[in-house]
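Enquirer: First to last, the sequence lines map onto chains A and B. In terms of this note's numbering, the first sequence opens at residue 3 and continues consecutively. In terms of this note's numbering, the second sequence opens at residue 3 and continues consecutively. C-beta: ideal position from N, C-alpha, C; glycine also. Note that the structure is a prediction, hence the values are computed from the model and not measured.
There are 2 protein chains.
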Amino acid sequence: MDAASRRGIIHLNFGEYMKQKLNIITLGVRDFKTSVEFYSTKLGWKPAASSSDDITFFQAGGVVLAIYPREKLAEDAVAEPDGSGFAGFTLAFNARSEAEVDEIIADLKSQDVRIIKQPQKVFWGGYSAYFADPDDNRWEVSYNPFFEFDEAGNLKLE
Amino acid sequence: MDAASRRGIIHLNFGEYMKQKLNIITLGVRDFKTSVEFYSTKLGWKPAASSSDDITFFQAGGVVLAIYPREKLAEDAVAEPDGSGFAGFTLAFNARSEAEVDEIIADLKSQDVRIIKQPQKVFWGGYSAYFADPDDNRWEVSYNPFFEFDEAGNLKLE
Chain A
3 MDAASRRGII HLNFGEYMKQ KLNIITLGVR DFKTSVEFYS TKLGWKPAAS SSDDITFFQA
63 GGVVLAIYPR EKLAEDAVAE PDGSGFAGFT LAFNARSEAE VDEIIADLKS QDVRIIKQPQ
123 KVFWGGYSAY FADPDDNRWE VSYNPFFEFD EAGNLKLE
Chain B
3 MDAASRRGII HLNFGEYMKQ KLNIITLGVR DFKTSVEFYS TKLGWKPAAS SSDDITFFQA
63 GGVVLAIYPR EKLAEDAVAE PDGSGFAGFT LAFNARSEAE VDEIIADLKS QDVRIIKQPQ
123 KVFWGGYSAY FADPDDNRWE VSYNPFFEFD EAGNLKLE
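(1) Among B/124, B/26, B/138, which residue has its Cα nearest to the Cα of residue 100 of chain B?
(2) By how many angstroms is the C-alpha of residue 135 of chain B removed from the C-alpha of residue 40 of chain B?
(3) Between the beta-carbon of residue 66 of chain B and the beta-carbon of residue 96 of chain B, is there less than 8 angstroms?
(4) Where residue 120 of chain B and residue 79 of chain A are concerned, what is the direct C-alpha to C-alpha distance, given to the nearest angstrom?
(5) Apart from the five residues on each side of it in sequence, which residues of its chain come closer than 7 angstroms, Cβ to Cβ, to residue 157 of chain B?
(6) Let's see if you can read the secondary structure: which residues bound the beta strand (DSSP E) around residue 140 of chain B?
(7) Roughly how many whole angstroms lie between the Cα atoms of residue 132 of chain B and residue 138 of chain B?
(8) Tell me whether residue 75 of chain B sits in a helix, a strand or coil according to DSSP, three-state version.
(9) Under 8 angstroms between C-beta atoms, does residue 122 of chain B make it to chain A?
(10) Within the 8 angstroms Cβ cut-off, does residue 104 of chain B reach chain A?
(11) Under 8 angstroms between C-beta atoms, does residue 9 of chain B make it to chain A?
(12) Are the CB atoms of residue 88 of chain A and residue 83 of chain B within a distance shorter than 8 angstroms?
(13) Please check the pair residue 64 of chain B and residue 90 of chain A, which I expect to be a contact at CB under 8 angstroms, by giving their CB distance rounded to whole angstroms.
(14) Give the range of the beta strand (DSSP E) segment to which residue 123 of chain A is assigned.
(15) With a cut-off of 8 angstroms, does the C-beta of residue 38 of chain A fall near any C-beta of chain B?
(16) I want to see whether chain A comes within less than 8 angstroms of residue 2 of chain B, judged by CB atoms only; does it?
(17) On the CB-based measure, 16 or more other CB atoms within 10 Å of its CB, does residue 36 of chain B come out buried or exposed?
(18) Find out if the Cβ-Cβ distance for the pair residue 70 of chain B, residue 106 of chain A is shorter than 8 angstroms.
(19) Taking only beta-carbon positions, decide if residue 170 of chain B is within less than 8 angstroms of chain A.
(20) Please state whether DSSP places residue 9 of chain A in a helix, a strand or coil.
(21) What's the gap between the Cα of residue 11 of chain A and the Cα of residue 104 of chain B?
(22) Could you check which residue in B/102, B/114, B/155 has the C-alpha nearest to that of residue 144 of chain B?
(23) Residue 111 of chain B by DSSP, collapsed to three states: which one?
(24) Starting from the N-terminal side, write out each stretch of the beta strand (DSSP E) that is 3 residues or longer and does not extend beyond the region 77 to 106 of chain B.
(25) Jot down the residue ranges of each uninterrupted beta strand (DSSP E) in the region 11 to 64 of chain A, minimum 3 residues, whole runs only, in chain order.
(26) So, does the CB of residue 76 of chain B fall closer than 8 angstroms to a CB anywhere in chain A?
(27) Where does residue 151 of chain B sit, in a helix, a strand or coil, going by DSSP?
(28) Answer with buried or exposed for residue 126 of chain B, where buried requires no fewer than 16 other C-beta atoms within 10 angstroms of its C-beta.
(29) So with CB distances below 8 angstroms, who are the chain B contacts of residue 160 of chain A?
Here's what the structure looks like:
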């Protein structure tokens, strides 16, 4: 039985096993205290009460952002901790307007957060900027006129 | 005015600028078609209608997972595309029981997905396994008896 037939064409069991959900993204950081301070002070995010000495959770809308020491995360994920260059992912915050993008970036800049790309109109029809966290993880702050949000403020694509 | 006073101690403007939300995580992948097929076939996830030739969006509960070519993502984020070793992040799916973790991993294994860590009880009191996507991004599938979910099925920490 091939994957297509197992996956819904015949059995209609799309998503029977691992539902279409991503609950947590964990950043394995080089300096735990620096990163927690960055997210809690520069972004103003409030750690969840379930945070502890070496893991901090931030409820970030419909997903949880966790901060954990890089060596420990690698060990948990059975990986060598070494790594260099582009990490191959970006995180994004979707603002409600171009003006909100400008305000966020101006605020971060005033707090000496490293702005990687100034707010600008981009080829896909939106308005986008980037900043970097202490591990050089790239955060996009953008306004996408084609996206909609649900009642909880999460992106709702269709 | 220091960050603490700007951020709520005096002005109570916690989160005034960039709200506590993460809307999209974008994976910059080495082979776009392979990755899209992995997520849509092996995991059984359905791409959003707004996907196009070089970007695929998956509504993944309260967050969106996007797949985009690595070179293009690096260019967008003003980074050099090269990188090697541990990417420094993990993604997690939270199951509702240990049995669900077992089922998901057994299903993925039967589809030749690379299982990095077999389901097992772990030190923090939960039950956890890992698999890898085609770029070796690590996905944890776990059951955490201390976590709760909201009505929409997203983690709700407090």
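Expert: Result, derived from the coordinates:
(1) Position 98 of the second sequence, counted from the first residue, corresponds to residue 100 of chain B. That would be B/124, whose Cα lies nearest to the Cα of residue 100 of chain B.
(2) Locating residue 40 of chain B in the second sequence gives position 38, counting from the first residue. Locating residue 135 of chain B in the second sequence gives position 133, counting from the first residue. Near 7 angstroms, if we compare the C-alpha coordinates of residue 135 of chain B and residue 40 of chain B.
(3) In the second sequence, counting from the first residue as 1, residue 66 of chain B sits at position 64. In the second sequence, counting from the first residue as 1, residue 96 of chain B sits at position 94. Result no, Cβ atoms of residue 66 of chain B and residue 96 of chain B do not sit closer than 8 angstroms.
(4) By one-based count along the second sequence, residue 120 of chain B stands at place 118. By one-based count along the first sequence, residue 79 of chain A stands at place 77. Computed Cα separation, rounded: 11 angstroms.
(5) What you label residue 157 of chain B is simply residue 155 of the second sequence in a count that begins at 1. Cβ within range, chain order: 96, 149, 151.
(6) As a first step, residue 140 of chain B must be located in the second sequence, where it is residue number 138. Counting along the chain, the beta strand (DSSP E) containing residue 140 of chain B begins and ends at 140 to 145.
(7) To locate residue 132 of chain B, count along the second sequence from 1; it is residue 130. To locate residue 138 of chain B, count along the second sequence from 1; it is residue 136. Pairing residue 132 of chain B with residue 138 of chain B, the inter-Cα distance amounts to about 11 angstroms.
(8) Sequence index remark: in the second sequence, residue 75 of chain B carries index 73 (1-based). Helix, per DSSP.
(9) The residue labelled residue 122 of chain B in the question sits at position 120 within the second sequence. Between residue 122 of chain B and chain A, the shortest Cβ-Cβ separation is not below 8 angstroms.
(10) Here residue 104 of chain B refers to the residue found at position 102 when the second sequence is read from its first residue. With 8 angstroms as the cut-off, residue 104 of chain B does not count as an interface residue toward chain A.
(11) Within the second sequence, numbered from 1, the residue matching residue 9 of chain B stands at position 7. Below a pLDDT of 50, predicted positions are generally treated as unreliable, and residue 9 of chain B, at 49, falls in that range; the measurement from the model is reported next regardless. Residue contact with chain A for residue 9 of chain B: present (Cβ-Cβ distance below 8 angstroms to some residue of chain A).
(12) The sequence position of residue 83 of chain B within the second sequence is 81, counting from 1. The sequence position of residue 88 of chain A within the first sequence is 86, counting from 1. In this structure, residue 88 of chain A lies closer than 8 angstroms to residue 83 of chain B by Cβ.
(13) Position 62 of the second sequence, counting from 1, holds the residue named residue 64 of chain B. Position 88 of the first sequence, counting from 1, holds the residue named residue 90 of chain A. The Cβ separation is near 23 angstroms, so there is no contact.
(14) Counting from one through the first sequence, the residue named residue 123 of chain A turns up at place 121. Start and end: 117 to 123.
(15) Working through the first sequence from its first residue, we reach residue 38 of chain A at position 36. Output row for residue 38 of chain A: interface = no.
(16) Residue numbering for chain B in the displayed model covers 3 to 160; residue 2 of chain B lies beyond these limits and cannot be assessed.
(17) Within the second sequence, residue 36 of chain B is the residue found at index 34, counting from 1. Counting Cβ neighbours within 10 Å, residue 36 of chain B comes out exposed, since fewer than 16 surround it.
(18) Within the second sequence, residue 70 of chain B is the residue found at index 68, counting from 1. Within the first sequence, residue 106 of chain A is the residue found at index 104, counting from 1. No. Outside cutoff.
(19) A query on residue 170 of chain B cannot be resolved here, the shown segment of chain B reaching from 3 to 160 and no further.
(20) Mapped onto the first sequence, residue 9 of chain A falls at position 7. Since pLDDT at residue 9 of chain A reaches only 49, below the 50 mark, its modelled position is unreliable, and the value read off the structure follows with that caveat. DSSP places residue 9 of chain A in helix when its eight states are reduced to three.
(21) Within the first sequence, numbered from 1, the residue matching residue 11 of chain A stands at position 9. Within the second sequence, numbered from 1, the residue matching residue 104 of chain B stands at position 102. Low per-residue confidence applies at residue 11 of chain A: pLDDT is 42, beneath 50, and the placement is therefore not dependable, though the value from the model is reported in the following sentence. Roughly 24 angstroms separates the two Cα atoms.
(22) Position 142 of the second sequence, counted from the first residue, corresponds to residue 144 of chain B. It is B/102.
(23) The residue labelled residue 111 of chain B in the question sits at position 109 within the second sequence. Looking at residue 111 of chain B - three-state DSSP - the assignment turns out to be helix.
(24) 85 to 87, 91 to 96
(25) 26 to 31, 58 to 62
(26) Residue 76 of chain B sits at position 74 when you count from the first residue of the second sequence. Yes, its Cβ sits closer than 8 angstroms to a Cβ of chain A.
(27) Numbered from 1 along the second sequence, position 149 holds the residue referred to as residue 151 of chain B. Residue 151 of chain B falls in the strand class under three-state DSSP.
(28) Counting from 1 along the second sequence, the entry for residue 126 of chain B is found at position 124. Residue 126 of chain B is exposed by the Cβ-count criterion.
(29) Numbered from its first residue, the first sequence carries residue 160 of chain A at position 158. Those are 50, 51, 52, 61, listed as they occur along chain B.
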